[in-house]
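Here the sequence shown is numbered in my numbering, starting from 705 and rising by one per residue.
By construction, the Cβ of each residue, glycine as well, lies at the ideal position given by its N, Cα and C atoms.
Okay, so here's the structure we're looking at.
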Amino acid sequence: MFQTIRNAWKIEELRKKIIFTLFIVLLYRIGNVVPVPYVDTALLEQYFVSLQNTVLGLYNVMSGGAFSSATIFALSIQPYINASIIMQLLTMAIPALERMAKEEGEEGKKKIASITRYSTVAIGLIQGFAYYMLIKNNSLLAETGIWPGIVIVLTFTAGSALIMWLGEQITEFGIGNGISIILFASIISRFPVSLLQMITNVSQGTTYWYSVALMILGALAIVVLIVVVTNAERRVPVQYSKRVVGRKMYGGQSTHLPMKVNMSGVLPIIFAQSIASLPATVLMLAGINDQSAGFWGGFLRGFNSGSMVYALIYFLLIIFFSYFYSTVQFNPVEVANNLKKNGGFIPGFRAGKPTSEFIQKVLNKITLFGAIYLGIIAVTPIIISVFSVTAANSGISLGGTSVIIVVGVALETVKALESQMLMRHYKGFLE
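What follows is the structure, given as structure tokens:
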């Protein structure tokens, strides 16, 4: 990875892209420390101390600590993620949107992207208002009234729209996927604080050094597993028949159809997290917390991000979104038709429907393996924290979800750099 970055830095155009990406990330981190007016941030941070194992604590980790400080980027990329989920589902459910995405080509994709942007602003407005009500209901405002409420809600909404724009700028002019890079920066920004907390706990004797060492070794093992599975693929053999065109003979070669085990990357993790946290988030933003009496208070106590109920729902949603994205990204019927048009076939299967059925069967198997892998790594830290006081008090806030996202985004970014370097290498060779 470091060798790839070093080689990319030597190319002037890629160096400009890397610098531009780092500049956008710097702007994002600056916005993460600019507080929204009329909010008592000191009281708000004290309030969030008791919410570390709740949905809002999870939001705080994903926003890089901006959520608990009520900064202009407090909502982070959650509105955009929710809007993307809604548009993906609607594209499959509404024929008009499906035709727009498939038949209109690039123009249709631009229209869907535009609808997603407007949806992001609308969701940001709703979430900003809900967050304002949470602050207001818990007496965390420095000044009350209609005008402070309008300013706070619009600032949160504008911040979410600005993050979406910054992500698009990285995607267009920088390196890698902009939204993933911003999420990566948010999670990584928490690591120095967690490391310092871990060292402090060990020095004070509240955490044993060997338990921390075992956790670090476990984290390194998880990183290795993530890298191996991310690069793993099922290669389906493909044979092309010989055909004569004029005086030349074409085809006859053997190749393979690569099918990645973890085809959808980190997206099932992100989307499952958003959906699983939605019910508890709505209740908590409405002023109901895990200390509240009655049914809804008990619901929150059993549905916080450190409970077994949440872990089970989270695991099932990861499997669902893994299948959902593999279906969206890989169409066996289309692949089988393309092979048939080009004279290709899978040995042992006739072209057409038998080939598509075999590809679908292989896709289901590898998707199941990839989904279970994602689910186990994401849920294991939650299970450990339920049964281990040491794990909960170690000061390590980067769980399995965060590690998958960080490693996945790092690998995707390095691959993007390698592909751009390869493209420039071939361009220079041809010229």
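- Around the C-beta of K1045, fewer than 16 other C-beta atoms lie within 10 Å, and the residue is accordingly described as exposed.
- In the DSSP annotation of this structure, the continuous segment of the beta strand (DSSP E) that includes V940 starts and ends at E937 to Y944.
- For L748, the enclosing alpha helix (DSSP H) covers residues T745 to V753.
- In the three-state reduction of the DSSP assignment, L961 falls in the strand class, which pools E and B.
- For A936, same chain residues with a beta-carbon under 6 Å away, outside a window of 5 residues either side, are V965 in chain order.
- Fully contained in the stretch 1039-1095 are the following alpha helix (DSSP H) runs of length 4 or more, in chain order: 1057-1091.
- With respect to the 7 Å criterion, S1030 and T1059 are not classified as neighbours on the basis of their beta carbons.
- Within the same chain, Cβ atoms closer than 7 Å to the Cβ of G853 are found at Y836, the five residues on either side in sequence being excluded.
- The alpha-carbon separation between S890 and G1047 amounts to approximately 48 Å.
- In terms of Cα proximity to M1125, the closest of P941, L900, I879 and A923 is I879.
- For P739, the pairing in a beta bridge is given by DSSP as T775.
- If one requires a minimum length of 4 residues, the alpha helix (DSSP H) runs lying completely within the stretch 847-935 are 850-877, 882-892, 895-908 and 913-935, in chain order.
- Counting only residues of its own chain and dropping the five nearest sequence neighbours on each side, A976 has a CB closer than 7 Å to the CB of Y1018, L1021, I1022 and F1025.
- Here DSSP, grouped into helix, strand and coil, assigns L982 to helix.
- Looking at the DSSP output, L971 sits in no beta bridge, so it has no partner there.
- In this chain, the alpha helix (DSSP H) harbouring I1023 covers M1012 to Q1033.
- Distance from the CA of I1081 to the CA of L924, rounded to the nearest whole angstrom, comes to 13 Å.
- The DSSP-derived three-state label of L1115 is helix.
- Taking F771 as the centre and dropping the five residues before and after it, the same chain places the C-beta of Y763, N764 and A778 closer than 6 Å to its C-beta, in chain order.
- Minimum Cα-Cα distance from L794 among the listed residues E810, S767, S823 and G998 corresponds to S823.
- DSSP, reduced to helix, strand and coil, places L760 within a helical segment of the structure shown.
- In this structure the stretch 778-790 touches the stretch 860-867; the number of beta carbon pairs closer than 8 Å is three or more.
- Minimum Cα-Cα distance from L731 among the listed residues E717, E1061 and G871 corresponds to G871.
- Burial is judged here by how many other beta carbons sit within 10 angstroms of a residue's own beta carbon; A774 has at least 16 and is buried.
- Where K806 is concerned, the enclosing alpha helix (DSSP H) starts and stops at P799 to K806.
- The C-alpha of L929 is placed about 23 Å away from the C-alpha of N881.
- Around the CB of S818, fewer than 16 other CB atoms lie within 10 Å, so the residue is classed as exposed.
- If you draw a straight line from the Cα of Q792 to the Cα of N1068, it comes to about 20 Å.
- Closest in C-alpha terms to I723, from the list Q957, S978, I874 and I973, comes I874.
- For V986, same chain residues with a beta-carbon under 8 Å away, outside a window of 5 residues either side, are A834 in chain order.
- With at least 16 other beta carbons inside 10 angstroms of its own, S1011 counts as buried.
- Contact annotation, F1062 with I1050: C-beta distance approximately 6 Å; criterion of less than 8 Å satisfied.
- Under the DSSP assignment, A834 falls in the alpha helix (DSSP H) whose first and last residues are G809 to N841.
- Taking G832 as the centre and dropping the five residues before and after it, the same chain places the C-beta of L779, V857, F860 and T861 closer than 7 Å to its C-beta, in chain order.
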